[in-house]
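*Asks:*
Protein chains: 2
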Amino acid sequence: MKIALDAMGGDYAPDVTVAGAIEAVTEADLEVILVGDRQRIQATLSGKRYPQERISLVHASEVVGMDESPSAALRKKKDSSVRRAVELVRDGAADAVVSAGHSGVMMATSLFVLGKLPHVDRPAIAAMMPGMNSFFVVVDAGANVDCKPENLLEFGAMGNAYYQAIFDEPAPRVALLSNGEEDSKGNELTKETFGLLKHADLNFVGNIEGKDVFVGAADVIVCDGFTGNVLLKVSEGLADTIIKMLKREIASLVTGKIGYLMMKPAIRNFKKRTDYDEYGGAPLLGINGTSIVCHGRSTTRAIKNALKMASEMAKKGVHRRIAERLDALHKKNDGEKKHAKV
Amino acid sequence: MKIALDAMGGDYAPDVTVAGAIEAVTEADLEVILVGDRQRIQATLSGKRYPQERISLVHASEVVGMDESPSAALRKKKDSSVRRAVELVRDGAADAVVSAGHSGVMMATSLFVLGKLPHVDRPAIAAMMPGMNSFFVVVDAGANVDCKPENLLEFGAMGNAYYQAIFDEPAPRVALLSNGEEDSKGNELTKETFGLLKHADLNFVGNIEGKDVFVGAADVIVCDGFTGNVLLKVSEGLADTIIKMLKREIASLVTGKIGYLMMKPAIRNFKKRTDYDEYGGAPLLGINGTSIVCHGRSTTRAIKNALKMASEMAKKGVHRRIAERLDALHKKNDGEKKHAKV
Numbered sequence: 051m052k053i054a055l056d057a058m059g060g061d062y063a064p065d066v067t068v069a070g071a072i073e074a075v076t077e078a079d080l081e082v083i084l085v086g087d088r089q090r091i092q093a094t095l096s097g098k099r100y101p102q103e104r105i106s107l108v109h110a111s112e113v114v115g116m117d118e119s120p121s122a123a124l125r126k127k128k129d130s131s132v133r134r135a136v137e138l139v140r141d142g143a144a145d146a147v148v149s150a151g152h153s154g155v156m157m158a159t160s161l162f163v164l165g166k167l168p169h170v171d172r173p174a175i176a177a178m179m180p181g182m183n184s185f186f187v188v189v190d191a192g193a194n195v196d197c198k199p200e201n202l203l204e205f206g207a208m209g210n211a212y213y214q215a216i217f218d219e220p221a222p223r224v225a226l227l228s229n230g231e232e233d234s235k236g237n238e239l240t241k242e243t244f245g246l247l248k249h250a251d252l253n254f255v256g257n258i259e260g261k262d263v264f265v266g267a268a269d270v271i272v273c274d275g276f277t278g279n280v281l282l283k284v285s286e287g288l289a290d291t292i293i294k295m296l297k298r299e300i301a302s303l304v305t306g307k308i309g310y311l312m313m314k315p316a317i318r319n320f321k322k323r324t325d326y327d328e329y330g331g332a333p334l335l336g337i338n339g340t341s342i343v344c345h346g347r348s349t350t351r352a353i354k355n356a357l358k359m360a361s362e363m364a365k366k367g368v369h370r371r372i373a374e375r376l377d378a379l380h381k382k383n384d385g386e387k388k389h390a391k392v
Numbered sequence: 051m052k053i054a055l056d057a058m059g060g061d062y063a064p065d066v067t068v069a070g071a072i073e074a075v076t077e078a079d080l081e082v083i084l085v086g087d088r089q090r091i092q093a094t095l096s097g098k099r100y101p102q103e104r105i106s107l108v109h110a111s112e113v114v115g116m117d118e119s120p121s122a123a124l125r126k127k128k129d130s131s132v133r134r135a136v137e138l139v140r141d142g143a144a145d146a147v148v149s150a151g152h153s154g155v156m157m158a159t160s161l162f163v164l165g166k167l168p169h170v171d172r173p174a175i176a177a178m179m180p181g182m183n184s185f186f187v188v189v190d191a192g193a194n195v196d197c198k199p200e201n202l203l204e205f206g207a208m209g210n211a212y213y214q215a216i217f218d219e220p221a222p223r224v225a226l227l228s229n230g231e232e233d234s235k236g237n238e239l240t241k242e243t244f245g246l247l248k249h250a251d252l253n254f255v256g257n258i259e260g261k262d263v264f265v266g267a268a269d270v271i272v273c274d275g276f277t278g279n280v281l282l283k284v285s286e287g288l289a290d291t292i293i294k295m296l297k298r299e300i301a302s303l304v305t306g307k308i309g310y311l312m313m314k315p316a317i318r319n320f321k322k323r324t325d326y327d328e329y330g331g332a333p334l335l336g337i338n339g340t341s342i343v344c345h346g347r348s349t350t351r352a353i354k355n356a357l358k359m360a361s362e363m364a365k366k367g368v369h370r371r372i373a374e375r376l377d378a379l380h381k382k383n384d385g386e387k388k389h390a391k392v
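Line order of the protein sequences matches chains G and U. Adding 50 to a residue's 1-based position in the first sequence gives its number in the numbering used here. Adding 50 to a residue's 1-based position in the second sequence gives its number in the numbering used here.
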């Protein structure tokens, strides 16, 4: 698979993007097209050892800054690294695209250049999160802050197809994030969504409470992008805070210091296991192609893993599987509507 | 202060409620009126040592179950322990009321029996949460799943008055939970709320992201009850999960086991510092009186701390301070409307 990487996107670009690309092509069977300022990328590559036939370069003269609006970027920067990278997918020169630049711009550009899949109203971000024993997917993780029940139904169907493809799991458990696990719980949005998900030919396991998301009660967690963002960011912030607080408590004990040294491998393992870099980026579901958004602060490891994930998704044709799932969902709904009319 | 305690409310009632009452009157300068089945309470009290003049008993023949609807409970169980306990506040026989029973029933009963403060549209639950260096308050923590911007403005004003009173802090930092810290971030609800909070004579510090709530970036965090519930429950679940995962990692190491023993006091301290029992219960803000809801699974320590908090709130007249704050807010708004007309 050939992955187009926005080499200029992200807080540490192009150093980290180039390093991530080199690690990815060294470890995995994939090629990377670095898109961006030719001179800067060549300077960053120079002196590094890597399988040269697996990394190529496409020049783009502009870079979109983190403070630019998506609409302005689309209108004014037609030769930006992110735009050129996405266009490579449209033109069949790449199988997927990855960017750690402005996530709103990456979403808008993917949507504009690649278009939506049939039936999709709102593309969504799918974030992979570490749980007690396995990873789970949150859809939408932040693309759509105000949603209708039909959007959440789509998120469930798209998340289902994505999880199925990535984990070879025939019937992922889909749950609706709510303020209690009883069927009657929820706000206006989730109460109406509940009925839709129940009749959608998904393995819908009902409402899930915030306290159960990490214990493996569901594989796909459906919510609007505002709530999804709160879920993600609270988890990130709390995990950091807990580790810091524990370290502080430990530092205040004499035996604790020795104990900490002895436990260090355990803390390292824990961090590795819950590392957000593990899945590197979050795919945009509902786009006609494979497009992955990475955190602006992505590390080399995160970029590498995002490139691997992009390759995996392209190989498995995740976006086509999403299209099939949505097609089936709409045929079923149309059939029921017809049936209801008779 | 005299606190009415619904002795029959909660998963471990009346054992835990009675034990909590005994600890509270032993440690603090307060009296408790145990409300509920006389025989069962007397049996639980019997043989225990406590300052007898500080615990009294009011009989109530009924108990509201955890699966009953608030409206049915209000209509049919007029001699329930929670109803009688709240009525003691209405009648001036108690200064505050605490219940670990069905939280919806406790809210509805407090609202029905004590009424709302002037200007209040929706009473809200204020939950105290442990952060890195201090506690912060989340309003609404679950009472109102669908809100208007005006409700969130009220939550901010009520949370402000509550935090001021409890921590003697003249200008608590009030923040709006959103999907980013920039002013422009948010969903329809929070964007409109932002403007209201900005002009409300509060120390409004703007939007706060999920990742910053635990690092002490704000004292009062305003959100709708659905999002507040997600914030609370995700934090609770994740903290549990992280401790369990760390223990599992530690158990897999030989040196880790020894390290763990050496670090145990640190982990115990951490748990104590982040213990939700520390604040025992969550007050209902906007009610004409002091009413505190506890978790159904409350421990003796949680009940004790809720009773102490109730006494503290009653002593400081928190509900009167909330009324004053809302009065000032509405006078200001009315003044501005008049001014705008001229």
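Where is the CB? At the ideal position from N, CA and C, for every residue including glycine.
1) Are F264/G and L288/U touching if we call contact CB-CB under 8 Å?
2) Are the CB atoms of N257/U and G278/U nearer to each other than 8 Å?
3) So, for H345/U: in the same chain, excluding its five sequence neighbours on each side, which residues have a beta-carbon less than 7 Å away from its beta-carbon?
4) Give me the Cα-Cα distance between K283/U and G260/G, rounded to the nearest whole angstrom.
5) Where do the ends of the beta strand (DSSP E) carrying D56/G lie?
6) Could you check which residue in K128/G, N383/G, T340/G, T349/G has the C-alpha nearest to that of L167/G?
7) Using the Cα positions of R371/G and T240/G, report the straight-line distance between them to the nearest angstrom.
8) Any beta-carbon of chain U closer than 8 Å to the one on G332/G?
9) Excluding sequence positions up to five away, which residues of its chain have a Cβ less than 6 Å from the Cβ of A211/U?
10) Can you give me the start and stop residues for the alpha helix (DSSP H) that V195/G sits inside?
11) For F264/G and chain U, any beta-carbon pair shorter than 8 Å?
12) Compute the beta-carbon to beta-carbon distance between V139/G and A146/G, rounded to the nearest angstrom, for a pair I have assumed lies under 8 Å.
13) Could you spell out the range, first to last residue, of the alpha helix (DSSP H) harbouring A177/U?
14) If you measure beta-carbon to beta-carbon, which residues of the stretch 172-204 of chain U are closer than 7 Å to chain G?
15) Taking only the alpha-carbon atoms, compute the straight-line gap between F276/G and S130/U and give it to the nearest angstrom.
16) Which two residues bound the contiguous beta strand (DSSP E) that contains S149/G?
17) Against L282/U, what residues of chain G qualify as contacts under a CB-to-CB distance less than 9 Å, listed in chain order?
18) Check whether the stretch 347-361 of chain G and the stretch 376-385 of chain G touch, using three or more Cβ-Cβ pairs below 8 Å as the test.
19) Thinking C-alpha only, which one of D141/U, T349/U, R99/U, Y62/U is nearest V163/U?
20) Determine the contact status of I91/U and L80/U, defining contact as a CB-CB distance below 8 Å.
21) State the DSSP-derived secondary structure class of R223/U, mapped to helix, strand or coil.
22) Any beta-carbon of chain G closer than 8 Å to the one on I271/U?
23) For A158/G, tell me which candidate among A378/G, I337/G, E362/G has the shortest Cα-Cα distance.
24) For G266/U, which residues of its own chain have a beta-carbon under 8 Å away from its beta-carbon, when the five flanking residues on both sides are left out?
25) To the nearest angstrom, how far is it from the Cα of Q102/G to the Cα of K235/G?
26) Can you tell which of V114/G, D233/G, E77/G has the C-alpha that lies nearest to the C-alpha of G86/G?
27) Under 8 Å by Cβ, that's how I've got A360/U and I53/U pegged, so tell me the actual separation to the nearest angstrom.
28) Should H249/U be labelled buried (16 or more other beta-carbon atoms within 10 Å of its own) or exposed?
*Replies:* The structure says:
1) Here residue 264/G refers to the residue found at position 214 when the first sequence is read from its first residue. Here residue 288/U refers to the residue found at position 238 when the second sequence is read from its first residue. For F264/G and L288/U, yes; Cβs fall inside 8 Å.
2) Counted from its first residue, the second sequence places residue 257/U at position 207. Counted from its first residue, the second sequence places residue 278/U at position 228. Contact: no.
3) For the purposes of this step, residue 345/U is taken as the residue at position 295 of the second sequence. Non-local C-beta neighbours of H345/U in its own chain, meaning closer than 7 Å and more than five positions away in sequence, comprise A150, A352, ordered along the chain.
4) The residue given as residue 283/U occupies position 233 in the second sequence. The residue given as residue 260/G occupies position 210 in the first sequence. Going from the Cα of K283/U to the Cα of G260/G covers about 5 Å.
5) Translated into positions along the first sequence, residue 56/G becomes position 6. Here the beta strand (DSSP E) through D56/G covers 52-56.
6) Position 117 of the first sequence, counted from the first residue, corresponds to residue 167/G. Ranking K128/G, N383/G, T340/G, T349/G by Cα distance to L167/G puts T340/G first.
7) Here residue 371/G refers to the residue found at position 321 of the first sequence. Here residue 240/G refers to the residue found at position 190 of the first sequence. Distance between the alpha carbons of R371/G and T240/G is about 26 Å.
8) Working through the first sequence from its first residue, we reach residue 332/G at position 282. The amino acid occupying residue 332/G in the given sequence is Ala; Gly does not appear at that position. No, A332/G lies away from the interface with chain U (no Cβ there is under 8 Å from its Cβ).
9) By 1-based counting over the second sequence, the position of residue 211/U is 161. Hits under 6 Å: R371, I372, R375.
10) As a working note, residue 195/G is residue 145 in the first sequence. V195/G -> no alpha helix (DSSP H), and no H or E assigned at all.
11) Here residue 264/G is taken as the residue at index 214 of the first sequence, counted from 1. With 8 Å as the cut-off, F264/G counts as an interface residue toward chain U.
12) As a working mapping, residue 139/G is identified with position 89 in the first sequence. As a working mapping, residue 146/G is identified with position 96 in the first sequence. About 6 Å; that satisfies the 8 Å criterion.
13) Taking the first residue of the second sequence as position 1, residue 177/U is located at position 127. No alpha helix (DSSP H) contains A177/U, which is instead part of the beta strand (DSSP E) from 174-180.
14) Going along the stretch 172-204 of chain U in chain order, one finds M182, G192, V195, D196 with a Cβ nearer than 7 Å to chain G.
15) Position 226 of the first sequence, counting from 1, holds the residue named residue 276/G. Position 80 of the second sequence, counting from 1, holds the residue named residue 130/U. Just so you know, the alpha carbons of F276/G and S130/U end up roughly 40 Å apart.
16) Position 99 of the first sequence, counted from the first residue, corresponds to residue 149/G. S149/G -> beta strand (DSSP E) spans 146-149.
17) Here residue 282/U corresponds to residue number 232 of the second sequence, with the count starting at 1. For a Cβ distance threshold of 9 Å, residue set G260, K261 of chain G lies close to L282/U, ordered along the chain.
18) no
19) Translated into the one-based positions of the second sequence, residue 163/U becomes position 113. V163/U has its Cα closest to that of D141/U, out of D141/U, T349/U, R99/U, Y62/U.
20) Reading the second sequence from its first residue, position 41 is the one you call residue 91/U. Reading the second sequence from its first residue, position 30 is the one you call residue 80/U. Not a contact, by the Cβ cut-off of 8 Å.
21) Counting from one through the second sequence, the residue named residue 223/U turns up at place 173. Here R223/U sits in strand by DSSP.
22) The sequence position of residue 271/U within the second sequence is 221, counting from 1. Chain G contact via Cβ: absent.
23) Numbered from 1 along the first sequence, position 108 holds the residue referred to as residue 158/G. The residue with the shortest Cα to Cα distance from A158/G is I337/G.
24) Position 216 of the second sequence, counted from the start, is the residue given in the question as residue 266/U. Same-chain partners within the cutoff: G181, M182, N183, S184, F186.
25) Within the first sequence, residue 102/G is the residue found at index 52, counting from 1. Within the first sequence, residue 235/G is the residue found at index 185, counting from 1. Whole-angstrom Cα-Cα distance: 56 Å.
26) Position 36 of the first sequence, counting from 1, holds the residue named residue 86/G. It is V114/G whose Cα lies nearest to the Cα of G86/G.
27) Within the second sequence, numbered from 1, the residue matching residue 360/U stands at position 310. Within the second sequence, numbered from 1, the residue matching residue 53/U stands at position 3. Yes, they are in contact, since the Cβ atoms of A360/U and I53/U sit about 5 Å apart, within 8 Å.
28) The residue you call residue 249/U lines up with position 199 of the second sequence. H249/U is exposed by the Cβ-count criterion.
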